[in-house]
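> Structure in structure tokens, see below.
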Amino acid sequence: MARGDVRGGVTAPVERAGAADLAMRTVGSRSPVPNQLGAVLVLDTRQEPDPGRLGPEVARRLAAVPRLRQRLVRLPPGAGGPAWVDDPAFDPAAHVREVPCPEPRDDRALLDLATALVARALPADRPAWGVVLVPGLAGGRTGLVVIASHEVVDGIGGLAVLAHLADGAAPRPARIPAPRPRPPYPVLVADAARARVRAVRRWRSWLRALRRSLAAGGGLSAAPAAPCSLLAPTGSRRCAAAVRVDLAALRAAAHAAGGTVNDALLVAVTGALSALLAARWEAVDPVVVVVMVTARRSAGLAELGNAATPLVVPVPVAGEPGDRLRRFAGTVRRARDQATAPPLVALLGPLFRALAGTGAYHWYLSRQRRFHTLVSDVPGPDRPVTVAGVPVTAVVPVAVGEAGNVTVAFDALSYAGTLMVTAVADPERLPDLPVLVAALERELAALVSRPVPAASS
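The letter at position 227 of the sequence shown is residue 1176 when you use the numbering used here, and the numbering goes up by one with no holes.
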């Protein structure tokens, strides 16, 4: 993609950062681990004579996404809150690099490398994303790790970006549009004044949203999550392991029990955590999970910001997986109506950012007793896709960030009939990750092999 001419560029409109985006930036600035999302694409390059071209080609395609050519910057006093502005020095080549895969160059080695890459902060002097090409995998494959800051995208927004990489996506411009100058100071001041007026007029709806968001988080007097070894202050290191399951089989099992794939995933994850605790001679029931929910099922490239709300859900772990699924089915669907409001960190806006900026939020998260783990589930493409003519055989999600005292969290992404579930943990606090992964495989296998009919009403 050729670069446009900067001269004579049209002034950019005012694009304020959302409150949730700003919260992600503030939390990430105080966290031992950056708030970043990653996707590991496994490419079948056996028929590709030049795998090295894929990194620059992916960067070229991502450069067509306007938000990925922008930086989040602070504005002068009186001009309002931070805004997205075009990076005048944007160069897609600066966002791509190549890293060899360690031996034995298999899926395990690729995931280990990808986790280390995602857990490393992106450069602060350019738009917050990167592409890492990992050539030479066993079996003639190539890895492609796409990384973005959580201040830029959430899970659904990240999916929109990945969809833009696929062949056959929306037409892309032949040239990178010229960077637009930042809006003039008087325009920013006027926009900030209008925003303050809108905020005052919306105070009643703000109060309603605050009540809904508090309810989704369990309320002010929620029963605490039972103390156990799953809750311990975490450090700066992360490790990951992935489990895959046939999506159609899991969906059939969930529907037979009157539930959803997300219900089945939560039952399997909490069952595996219960088995891990049992191996440590501990018992907790229920296991309390934070589920990230959003009213939007998809997002366009102009809607990449954070829009997910945390929903606190206790999941019973007594009994066989199928029985638990039947009892739990529909719980999240009924509760998610409360989670239609913006997340609490967005509603509290400046107050939250002030507390997070002092380290108070990190202090709280390292001692919280509201939940044991966090699960994010994003539906991906139903059919296989290609990138620059090369088949994508698998997509593995990896997300890291401020974990507080949550020693393991789970990211799930469906792609072409397979649900990939990645457990991301602090290796110091969860050295027995293989035990957890084996338990998760057993839980999922039990669900898909013996679907339990829903109870008659």
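For each residue, glycine too, the CB sits at the ideal point set by N, CA and C.
Any chance the region 1023-1033 sits against the region 1376-1391, with 3 or more Cβ pairs inside 8 Å?
With a cut-off of 8 Å, the region 1376-1391 and the region 1023-1033 do not count as touching, because too few Cβ pairs lie within range.
> Within 10 Å of its beta-carbon, does A1309 have 16 or more other beta-carbons around it, so buried, or fewer, so exposed?
Per the 10 Å Cβ criterion, exposed.
> Are at least three pairs of beta-carbons, each pair with one atom in the region 1064-1082 and one in the region 1175-1194, less than 8 Å apart?
They touch, by the three-pair rule.
> Would you grab the beta carbon distance between L1226 and A1232 for me? Rounded to a whole angstrom, and I think it's under 8 Å.
Indeed, because the Cβ distance is near 6 Å, the residues count as touching under 8 Å.
> Would you check if there are 3 or more beta carbon pairs closer than 8 Å linking the region 1075-1093 to the region 984-1002?
Yes, the region 1075-1093 is in contact with the region 984-1002.
> Short of 6 Å in beta carbon distance, which residues of its chain neighbour S1315, apart from the five on each side in sequence? Order them along the chain.
For S1315, where only same-chain residues beyond five positions count, the Cβ hits under 6 Å are P1182, G1353, N1354.
> Looking only at C-alpha atoms, which of A1198, V1349, V1238, L1304 sits nearest to S1185?
Nearest of A1198, V1349, V1238, L1304 to S1185, Cα basis: V1349.
> Determine, using beta carbons only, whether P1328 and V1341 come nearer to each other than 8 Å.
Cβ distance not < 8 Å, so P1328 and V1341 don't count as in contact.
> Put A1303 into one of helix, strand or coil per three-state DSSP.
In the structure shown, A1303 sits in a helix (DSSP, three-state: H, G or I).
> What is the DSSP secondary structure of A1248, counted as helix, strand or coil?
Only weak support is given to the placement of A1248: the predicted model assigns it a pLDDT of 49, under 50, and the question is left unresolved by the model.
> Within 8 Å of any Cβ in chain C, is that where the Cβ of F1320 sits?
In the displayed structure, chain C is absent; only one protein chain is listed.
> If distances are taken between C-alpha atoms only, which option among D1040, D1116, L1060 comes closest to L1003?
Cα-wise, what sits closest to L1003 is D1116.
> Where L1060 and T1091 are concerned, what is the direct C-alpha to C-alpha distance, given to the nearest angstrom?
Between L1060 and T1091, the C-alpha separation is close to 12 Å.
> Between the alpha carbons of Q985 and A1097, how many angstroms are there, rounded?
Between Q985 and A1097, the C-alpha separation is close to 6 Å.
> Put T1280 into one of helix, strand or coil per three-state DSSP.
T1280: helix per DSSP, three-state reduction.
> Would you identify the three-state DSSP class for R1193, choosing helix, strand or coil?
Strand, per DSSP.
> List, from N- to C-terminal side, the beta strand (DSSP E) runs of 3 residues or more that fit wholly inside the region 1027-1076.
Entirely contained in the region 1027-1076, the beta strand (DSSP E) runs reaching 3 residues are, in chain order, 1032-1035, 1045-1047.
> Do P1346 and D1360 have their CB atoms nearer than 8 Å?
Yes, they are a contact pair.
> Measuring only the C-alpha atoms, how far is R1054 from V1048?
Roughly 12 Å separates the two Cα atoms.
> Tell me the DSSP bridge mates of T1209?
T1209 pairs with nothing; no bridge assigned.
> Taking the C-alpha atoms as reference points, what is the distance between L1396 and L1180?
Spanning the two alpha carbons is a distance of roughly 27 Å.
> Out of curiosity, what's the CA-to-CA distance linking R1018 and L1274?
Rounded to the nearest angstrom, the two C-alpha atoms are 44 Å apart.
> Please report the straight-line C-alpha distance between H1044 and L1071, rounded to a whole angstrom.
If you take the alpha carbons of H1044 and L1071, they lie about 10 Å apart.
> Compare the C-alpha of V1081 against each of V989, P998, A1123, R1129 and name the closest.
Comparing Cα-Cα distances from V1081 to each of V989, P998, A1123, R1129, the minimum goes to V989.
> Where F1277 and D1212 are concerned, what is the direct C-alpha to C-alpha distance, given to the nearest angstrom?
If you take the alpha carbons of F1277 and D1212, they lie about 7 Å apart.
> Who does A1217 pair with in a DSSP beta bridge?
Paired residues: none, contrary to the question.
> May I ask you to check if the CB of P1330 is nearer than 7 Å to at least one heavy atom of the ligand MG?
Of ligands this structure carries none, so the ligand MG is not represented either.
> Mind checking P1402: buried by the 16 CB within 10 Å criterion, or exposed?
Note that P1402 scores 48 on pLDDT, short of 50, meaning its location in the model is unreliable; the coordinates nonetheless yield the value given after this. With fewer than 16 Cβ atoms within 10 Å of its Cβ, P1402 is classed as exposed.
> What is the rounded straight-line gap between the Cα of A1221 and the Cα of H1311?
C-alpha separation (whole angstroms): 27 Å.
> Can you list, in chain order, the residues of its chain whose CB lies under 8 Å from that of E1052, leaving out five sequence neighbours each side?
A1058, listed in sequence order.
> Would you tell me roughly how many angstroms separate the C-alpha atoms of A1394 and L1024, rounded to the nearest one?
Cα to Cα, the separation comes out at about 53 Å.
> Pairing CB atoms from the region 1006-1022 with CB atoms from the region 1120-1138, are three or more of them under 8 Å?
Touching, per the Cβ criterion.
> Among P1076, S1223, A1028, R1009, which has the Cα closest to the Cα of P1037?
It is P1076 whose Cα lies nearest to the Cα of P1037.
> In its own chain, which residues sit with a C-beta less than 8 Å from the C-beta of A1198, not counting the 5 before and 5 after it?
Counting only Cβ-Cβ distances below 8 Å, and skipping sequence neighbours, we find V1397.
> Does DSSP put P1133 in a helix, in a strand, or in coil?
Looking at P1133 - three-state DSSP - the assignment turns out to be coil, as it is neither helix nor strand.
> So the alpha helix (DSSP H) R1009 belongs to, where does it begin and stop?
It spans 1003-1011 - the alpha helix (DSSP H) in which R1009 sits, taken as one unbroken run.
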